[in-house]
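Enquirer: Numbered according to the working numbering, the sequence shown terminates at residue 493, and the numbering increases by one at each position without gaps. Backbone N, C-alpha and C define an ideal beta-carbon position, used for all residues, glycine too.
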Amino acid sequence: MTPAPETNIPTILVALGGTGDLMRRKVIPAFFYLYKQGALPDKFRLVGFSRRDMTDEQFREYVKEVIVAHAGELIFPEMIDSFLKLFKFQKGEFSDKKSYRDLKKTIDECDKEWGVCSNKLFYLAVAPEFYETIFKNLSDSKLSEPCDEDGGWTRLIIEKPFGVDLKTAKSIERLLTKLFLPEQIYRIDHYLAKEMLQNILTFRFSNNLFEKHWGRDSIERIYIKSLEEIGVEKRGAFYDPVGAFRDVGQNHFLAMMALVTMEHPISFDAKAIQRKRADVLKKLKIIKKNEIPKATFRAQHEGYRTIAGVAKNSATETYFKIKAEVATKRWKGVPIILEGGKRLGAPEKEVIITFKHPKQCLCPKDGPHHKNEIIIRFEPREEILIEFWSKKPGFTMDTAPRMLHYILREPKAHIPYIEEYAKLLLDCIRGDQMLFVSTSEIQAMWRFTDPILDAWKKGLVPLHSYKPDTKEILQTSNYIQ
Ligand code: BG6
């Protein structure tokens, strides 16, 4: 495969925090994935910037270890060697001006070697407390400026958490917009890049079958769940001040909700899609303080407090269930259930759309309730299921539920995270923000979550406990429907 013309543009990616966890787990393997597919630009460099004392050779050795650990024996040595040539290292401190001047020199040398003014992507694989220093130094060193009047864009990639509440999100935004225009800022939510979730737009808007019924007249309930098998693992210190709802509810869940409930964007234009997602997020009904105990539920799994980095008396939730509503003409009154958490046994990640019982139904008297369901599932397998009712074969008009089943692919054909990151990184080079989150979306998300988190902090909702690796808590929270 050769790179598509719109992505085959000379590009240098500077990874600030180049030897950190995010780089190791996602970014480096994602670039290798793109490399194997021949999708990277012909002129491409990744410059790792971190305070470690490393030479280019040592950095390449580090990158090699990362990809071998990921891909095992399946890779050809010559392929690794040519891939490693794309990497350079620049030692530097985020707060040291000279480090940025050195970085600029390294980048300029590369441009000189290529004889072009290349595009620059700055990937912030760092904790948000470093943002301010980094932005200021990128600006002072003029690294954030294009090297040419006609070309050489500069873009910034940042990762969640986009703040811890609306106030902090706004202050990050103020910092960002001092230096970068909205079209330069790429905020990653890897859920938006999941194949099955991208498919929601196609399913809804490229077919004529369902969209006419997509709303309160026909739909009874939307149920969004992401029950994780894994726990907090080694991320106790990160997770404990955050909790499940902030970690995945405020972002991934609400992003899914926006895809299911947004209005038609008319085109695939990124701005149009971001705007429609934001519009619906802004219409999320803010749950009133006195309704929060009825509409929300939280729990922590047994043993959580013994995890390294977790406070001994932690009141952080590892599971949540919330009943939300979007106050638009289309959705008013339709419950939207958000349910997620860690150590919940076998993974179940899906969106279930339940249709109402037909008003006039040719159903057996006293027979089962004739609802239809659409399940858009992304784990354990990426698939869409449509449940409908059919006549049972035989001499009666008895009915039975049946399934139409579309399997996107078997689980082993999907490389979690890597594929999503590869898509997102390529979109950044291409300049397509469709799968990135806009600041209006983020602020609307926080506006909805802040009052819930505040009420939980004040202890207005009890913190339940559950046995890890079971689904028992789902029974306890079952009253939220
Ligand atoms: C991340 C959270 O954003 O999403 C993790 O920080 C969570 O805690 C993960 O496990 C879930 O993503 P996925 O793609 O595995 O469902």
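1) In angstroms with no decimal places, state the Cα-to-Cα distance between Lys110 and Gln286.
2) What residue range is occupied by the uninterrupted beta strand (DSSP E) comprising Arg57?
3) Checking 9 Å against the spacing of the C-beta atoms, do Phe367 and Lys333 come in under that value?
4) In whole angstroms, give me the CA-to-CA distance for Met35 and Ser230.
5) Return helix, strand or coil for Phe280, following the three-state DSSP convention.
6) Return the first residue and the last residue of the alpha helix (DSSP H) that Thr166 is part of.
7) For a minimum of 4 consecutive residues, which ranges assigned as the alpha helix (DSSP H) are wholly contained in the region 189 to 235?
8) Leaving out five residues on either side along the sequence, give the residues of the same chain with a beta carbon under 6 Å from the beta carbon of Leu150.
9) Who does Gln312 pair with in a DSSP beta bridge?
10) Are Val138 and Gln102 closer than 9 Å when you measure CB to CB?
11) Rank Tyr418, Lys294, Thr14, Tyr331 by C-alpha distance to the C-alpha of Gln49 and give the top, closest one.
12) What are the boundary residues of the alpha helix (DSSP H) that includes Phe460?
13) Grouping DSSP H, G and I as helix and E and B as strand, with all else coil, what is Asn88?
14) Taking the continuous beta strand (DSSP E) assigned at Thr488, which residues delimit it?
15) From the DSSP output, in three-state form, read off Gly406 for me.
16) Buried or exposed: which applies to Gly406, given that a residue is buried once 16 or more other Cβ atoms fall within 10 Å of its Cβ?
17) Is DSSP giving Gln70 helix, strand or coil here?
18) From Ser62 to Ala81, what does the alpha carbon distance come to, in whole angstroms?
19) What does Asn131 pair with, by DSSP beta-bridge criteria?
20) So does Tyr316 have its beta carbon nearer than 8 Å to some heavy atom of the ligand BG6?
21) Is Trp401 helix, strand or coil by DSSP?
22) For a quick check, are the C-beta atoms of Gly255 and Glu329 less than 9 Å apart?
23) Using 10 angstroms around the beta-carbon of Ile278, count the other beta-carbons present and answer buried if the total reaches 16, otherwise exposed.
24) To which residues does DSSP link Pro41 through a beta bridge?
25) Going by DSSP in three states, Tyr331 sits in which element: helix, strand or coil?
26) Using three-state DSSP, classify Pro376 as helix, strand or coil.
27) DSSP beta-bridge partners for Ala336?
28) Is Ser238 near the ligand BG6, judged by its Cβ being under 8 Å from some heavy atom?
29) Rounded to the nearest angstrom, how far is the Cβ of Leu472 from that of Pro305, given a contact under 8 Å?
30) DSSP three-state call for Phe494: helix, strand or coil?
31) Indicate whether Ile349 and Val338 have their beta-carbon atoms separated by less than 9 Å.
32) If you count every other CB in all the chains shown that lies within 10 Å of the CB of Asn384, and 16 or more means buried, which is it?
33) Determine the closest residue to Leu436 out of Ala51, Leu28, Ile242, with distance taken between C-alpha atoms.
34) Following a CB-centred definition, is Lys470 positioned closer than 8 Å to any heavy atom of the ligand BG6?
35) Using DSSP's beta-bridge definition, name the partner residues of His417.
36) Do you know offhand how far Lys424's Cα is from Ala267's?
Expert: In short:
1) Their backbone Cα atoms lie some 38 Å apart in a straight line.
2) It spans 56 to 62 - the beta strand (DSSP E) in which Arg57 sits, taken as one unbroken run.
3) In this structure, Lys333 does not lie closer than 9 Å to Phe367 by Cβ.
4) A direct Cα-Cα distance of roughly 45 Å separates Met35 from Ser230.
5) Correct three-state label for Phe280: coil.
6) Thr166 -> not in any alpha helix (DSSP H); beta strand (DSSP E) instead, spanning 166 to 171.
7) Correct list: 207 to 217.
8) Correct list, in chain order: Ser156.
9) DSSP output for Gln312 lists Ser477 as bridge partner(s).
10) The Cβ-Cβ distance between Val138 and Gln102 does not fall below 9 Å.
11) Taking Gln49 as reference, the option from Tyr418, Lys294, Thr14, Tyr331 with the minimal CA-CA separation is Thr14.
12) Looking at the DSSP string, the run of the alpha helix (DSSP H) that includes Phe460 is 451 to 469.
13) It is Phe, not Asn, that sits at residue 88 in the sequence shown. In the structure shown, Phe88 sits in coil (DSSP, three-state: anything other than H, G, I, E or B).
14) Going by DSSP, Thr488 is part of no beta strand (DSSP E) but of the alpha helix (DSSP H) stretching over 484 to 488.
15) Here Gly406 sits in coil by DSSP.
16) Exposed, because fewer than 16 other Cβ atoms sit within 10 Å of the Cβ of Gly406.
17) Gln70: helix per DSSP, three-state reduction.
18) Their backbone Cα atoms lie some 22 Å apart in a straight line.
19) Thr23, per the DSSP bridge assignment.
20) In terms of side-chain proximity, the C-beta atom of Tyr316 is found no nearer than 8 Å to any non-hydrogen atom of the ligand BG6.
21) Here Trp401 sits in strand by DSSP.
22) Going by C-beta atoms, Gly255 is nearer than 9 Å to Glu329.
23) Per the 10 Å Cβ criterion, exposed.
24) By DSSP's assignment, Pro41 forms no beta bridge with any residue.
25) Judged by DSSP in its simplified three-state form, Tyr331 adopts strand.
26) When DSSP states are grouped into helix, strand and coil, Pro376 belongs to the coil group.
27) For Ala336, the pairing in a beta bridge is given by DSSP as Ile348.
28) Because some heavy atom of the ligand BG6 lies under 8 Å away, the Cβ of Ser238 counts as near it: yes.
29) With a Cβ gap of about 6 Å, Leu472 and Pro305 count as contacting.
30) Residue 494 lies beyond the stretch modelled for the chain, which goes from 13 to 493, so this question has no answer here.
31) With contacts defined as CB atoms closer than 9 Å, Ile349 and Val338 fail to qualify as a contacting pair.
32) Taking all protein chains shown into account, Asn384 has 16 or more neighbouring C-beta atoms within 10 Å of its C-beta and is therefore buried.
33) If we check each option's Cα against that of Leu436, Ala51 comes out closest.
34) Relative to the non-hydrogen atoms of the ligand BG6, the Cβ of Lys470 never comes closer than 8 Å to any of them.
35) Paired residues: Leu397.
36) Looking at the backbone, the Cα of Lys424 and that of Ala267 are separated by about 25 Å.
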